[in-house]
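*Asks:* Here it is: the structure, laid out below.
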Amino acid sequence: MTFSERDYMEGTRGTQAVDWEERIDTQRLRTERKERALERLQETELGAMLLVSDPNIRYVTGLAMTGGSGADHYTLLTEDGDIVHWDTADHASNQRFNCPWLHDIRYACPGLGNVPRASGSPSARQFLVSKMAETVYEAMEEYGVADEALGIDVGNRGLLEAFEDLGVEVDTGTAQSVMEDARKVKTRDEIECLRMVASICEAGFQTIKDTAKPGMRETEVWGEAVSELWRHGAFVGGGYLTSGPNTWPKHQANTTDRMIRPGDLVYADMYNIGYLGYRSCYYRTFSMGEPTQEQRDAYETARDNLYDVLERIEPGATTDEISQGFPDMEGEHADYYDADEHWQMTTNHWAHGLGLQLYEVPLIWRGLSPDHPIEIEEGMTMAVETQEPAGRQGVRVEEMVVVRENGVEILSQWPVEEITVIDH
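The opening position of the sequence shown corresponds to residue 1 in full-length UniProt numbering, with each subsequent residue numbered one higher.
Below you can see the structure in the form of structure tokens.
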């Protein structure tokens, strides 16, 4: 009997390293990601890219960047595949010892972010950003790309001017496109990371079902769920739990000290929970006791809308076509919000790519996709979410999926057919 690559990897395995079965191969994960970025770079006129965005740095280096944009760390990738990484003294020293796949790690000058901003001195800010550019230019000279165009994945004016003062031709749009194109279709190990984080989220959902009861505060229940996520090795960068009237419209504070009461709807959003850097977005709705018929009907509508969208997703489909599965301006949503023509821009019903960031390619919703469509490709991963009011409360539901040859494979497995009932 032979097994395809997908057959062999499909199915969540343990989070630990073992020698008796194949699991997520982190060396292969790093290698294939770098190869993809390098292939896209070599298709351009750039001689190198300077990566400042944390997810882009992690994609190319495998380093555990957890923020959005590098303040004191940045990475150079040359057209020949050379990598130079700069980081703070503690981090750089640690990386030199623990990351043998990286051969050139240097001490960074924090030219962007909080350090120059907190200096309170315009001249200090100029000094720091100029020094940062100089450190990168020195490396470009060493690796033979100083006379070629440099792509930068952020559009910081001060940094661009500092490179221009050194005679470097800089380009921001191309580098951003290179990394976007490299990251939009996932490797098999990336997909398994997303499958793993979905399973960890499900452990959190189970904790909510087992823990929540009338009289407990939202913060208490969510705290128990977060503890379970940490226990499984997740990075918790977001998420919330809300209940009763806080569920519609969703409360601005997300999780509050409100006490949960019998008859409440409760939903949790496991968003920005990470495993090896790969982020989740995963809603499920619970009820404290049996839901009312109104609540059941609302959930059925939200679920059916969600699966209408999922049935439209396949390779070659375009986002304008898919977006038509989401609710339009008619109905309770627009009426409830006293909505105008801009309501569709709020992304209350949408799909968004998942990966090393919470929002990646593709984005699908009625406020954008009809006039700006892109084509869906096999290997894209995304979260698709819908919601619906149920009187003074509301429901939300969401699935994490990967695009396969003939449609989508659903990575999330918490029961979706009905609202999850919490007995008390």
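All residues carry an ideal CB built from backbone N, CA and C; glycine is no exception. Here the structure is a predicted model, which means the values were calculated and not measured.
With a threshold of 6 Å on Cβ separation, who are the neighbours of Ala225 within its own chain once the five nearest residues in sequence on each side are excluded?
*Replies:* Along the sequence shown, one-based indexing puts residue 225 at 225. Only Gly204, Thr207 and Ile208 meet the Cβ criterion.
*Asks:* Applying the 10 Å Cβ sphere with the 16-neighbour rule, what's the burial state of Ser199?
*Replies:* Within the sequence shown, numbered from 1, the residue matching residue 199 stands at position 199. By the 10 Å Cβ count, Ser199 comes out buried.
*Asks:* Span of the alpha helix (DSSP H) holding Glu32?
*Replies:* As a position in the sequence shown, residue 32 is number 32, starting the count at 1. Thr26 to Gln42 is the extent of the alpha helix (DSSP H) around Glu32.
*Asks:* Helix, strand or coil for Glu228 per DSSP?
*Replies:* On the sequence shown, residue 228 is found 228 positions in, with the first residue counted as 1. The answer is helix: DSSP assigns Glu228 an H, G or I state.
*Asks:* Taking the alpha carbon of Glu161 as the reference point, which residue from Thr174, Ala139, Glu134 and Ser177 has its own alpha carbon closest?
*Replies:* As a working mapping, residue 161 is identified with position 161 in the sequence shown. Comparing Cα-Cα distances from Glu161 to each of Thr174, Ala139, Glu134 and Ser177, the minimum goes to Glu134.
*Asks:* Alpha helix (DSSP H) containing Tyr240: first to last residue?
*Replies:* To locate residue 240, count along the sequence shown from 1; it is residue 240. Unbroken run through Tyr240 is the beta strand (DSSP E), Tyr240 to Ser243; no alpha helix (DSSP H).
*Asks:* Quick one: Cα of Thr318 to Cα of Thr187, how far?
*Replies:* Taking the sequence shown and counting its residues from 1, the one referred to as residue 318 is at position 318. Taking the sequence shown and counting its residues from 1, the one referred to as residue 187 is at position 187. Each residue's alpha carbon lies about 22 Å from the other.
*Asks:* How would you call Phe97, buried or exposed, if buried means at least 16 neighbouring beta carbons within 10 angstroms?
*Replies:* The sequence position of residue 97 within the sequence shown is 97, counting from 1. Classification of Phe97: exposed, given that the 10 Å Cβ count is below 16.
*Asks:* Once you ignore the five residues that flank Val416 on each side, which residues in its own chain have a CB closer than 6 Å to its CB?
*Replies:* By 1-based counting over the sequence shown, the position of residue 416 is 416. Correct list: empty, nothing qualifies.
*Asks:* On the criterion of 16 or more Cβ atoms from any shown chain inside 10 Å, does Ala17 qualify as buried, or is it exposed?
*Replies:* Mapped onto the sequence shown, residue 17 falls at position 17. Its Cβ having fewer than 16 others within 10 Å, Ala17 is exposed.
*Asks:* Quick check on the DSSP output: the alpha helix (DSSP H) that includes Pro362 runs from which residue to which?
*Replies:* Counting from 1 along the sequence shown, the entry for residue 362 is found at position 362. Element bounds for Pro362: not the alpha helix (DSSP H) but the beta strand (DSSP E), Glu360 to Ile364.
*Asks:* So Tyr267 and Val395 are supposed to be a Cβ contact under 8 Å. How far apart are they, rounded?
*Replies:* Locating residue 267 in the sequence shown gives position 267, where the first residue counts as 1. Locating residue 395 in the sequence shown gives position 395, where the first residue counts as 1. Sure, about 7 Å apart at Cβ, within 8 Å.
*Asks:* Restricting to runs no shorter than 4 residues, where is the alpha helix (DSSP H) found entirely within the UniProt domain "Creatinase N-terminal" (33 to 154)?
*Replies:* Whole alpha helix (DSSP H) segments, 4+ residues: 54 to 61, 89 to 98, 114 to 118 and 122 to 142.
*Asks:* What's the gap between the Cα of Asp181 and the Cα of Arg279?
*Replies:* Here residue 181 refers to the residue found at position 181 when the sequence shown is read from its first residue. Here residue 279 refers to the residue found at position 279 when the sequence shown is read from its first residue. Roughly 18 Å separates the two Cα atoms.
*Asks:* Please return the same chain residues whose Cβ sits closer than 7 Å to the Cβ of Val236, not counting the five positions on each side in sequence.
*Replies:* For this step, residue 236 is matched to residue 236 along the sequence shown. Hits under 7 Å: Val226, Leu229, Trp230 and Ile273.
*Asks:* What is the C-beta distance between Gly47 and Glu148, in whole angstroms, given that I count them as a contact (C-beta under 8 Å)?
*Replies:* Position 47 of the sequence shown, counting from 1, holds the residue named residue 47. Position 148 of the sequence shown, counting from 1, holds the residue named residue 148. Right, the Cβ-Cβ distance comes to about 2 Å (below 8 Å), so this counts as a contact.
*Asks:* On the premise that Val52 lies in contact with Ile83, defined as a C-beta separation below 8 Å, what is that separation, rounded to the nearest angstrom?
*Replies:* On the sequence shown, residue 83 is found 83 positions in, with the first residue counted as 1. On the sequence shown, residue 52 is found 52 positions in, with the first residue counted as 1. About 14 Å separates the two Cβ atoms, so there is no contact after all.
*Asks:* Leaving aside the five residues before and after Thr301 along the sequence, list all residues of the same chain whose C-beta is less than 6 Å from its C-beta, in chain order.
*Replies:* On the sequence shown, position 301 is the one that residue 301 refers to. Excluding sequence neighbours, Thr301 sits near Glu388.
*Asks:* Take Glu311 as the anchor and find which of Leu363, Val384 and Pro55 has the nearest alpha-carbon.
*Replies:* Numbered from its first residue, the sequence shown carries residue 311 at position 311. Ranking the options by Cα distance to Glu311, first place goes to Val384.
*Asks:* Under the three-state reduction of DSSP, which class applies to Arg312: helix, strand or coil?
*Replies:* Residue 312 sits at position 312 when you count from the first residue of the sequence shown. Arg312: helix per DSSP, three-state reduction.
*Asks:* Work out the CA separation of Leu150 and Trp101 for me, nearest whole Å.
*Replies:* To locate residue 101, count along the sequence shown from 1; it is residue 101. To locate residue 150, count along the sequence shown from 1; it is residue 150. The alpha-carbon atoms of Trp101 and Leu150 are separated by roughly 24 Å.
*Asks:* What would DSSP say about Thr15, mapped onto helix, strand or coil?
*Replies:* Here residue 15 corresponds to residue number 15 of the sequence shown, with the count starting at 1. Three-state DSSP puts Thr15 in coil, outside helix and strand.
*Asks:* Since Gln295 and Leu276 should fall inside the 8 Å C-beta cutoff, what is the C-beta to C-beta distance between them, to a whole number of angstroms?
*Replies:* Here residue 295 is taken as the residue at index 295 of the sequence shown, counted from 1. Here residue 276 is taken as the residue at index 276 of the sequence shown, counted from 1. Not really, about 37 Å apart at Cβ, beyond 8 Å.
*Asks:* Identify which residue in Glu21, Asn254 and Asp25 has its Cα closest to the Cα of Cys193.
*Replies:* To locate residue 193, count along the sequence shown from 1; it is residue 193. Of Glu21, Asn254 and Asp25, the residue nearest in Cα terms is Asp25.
*Asks:* Using CA coordinates, which residue listed in Ile105, Gly263, Ser93 and Glu45 is at the minimum distance from Leu74?
*Replies:* In the sequence shown, the residue the question calls residue 74 occupies position 74. Note that residue 74 corresponds to Tyr in the displayed sequence, not to Leu. For the residues Ile105, Gly263, Ser93 and Glu45, the minimum Cα distance to Tyr74 belongs to Ile105.
*Asks:* Which full runs of the beta strand (DSSP E) of 3+ residues lie inside the stretch 228 to 310, going along the chain?
*Replies:* The qualifying runs are 240 to 243, 265 to 269, 273 to 275 and 283 to 288.
*Asks:* Buried or exposed: Glu405, going by 16 or more other Cβ atoms within 10 Å of its Cβ?
*Replies:* Looking up residue 405 in the sequence shown gives position 405. Burial call: exposed.
*Asks:* Applying the 10 Å Cβ sphere with the 16-neighbour rule, what's the burial state of Tyr107?
*Replies:* For the purposes of this step, residue 107 is taken as residue 107 along the sequence shown, with counting starting at 1. That one is exposed.
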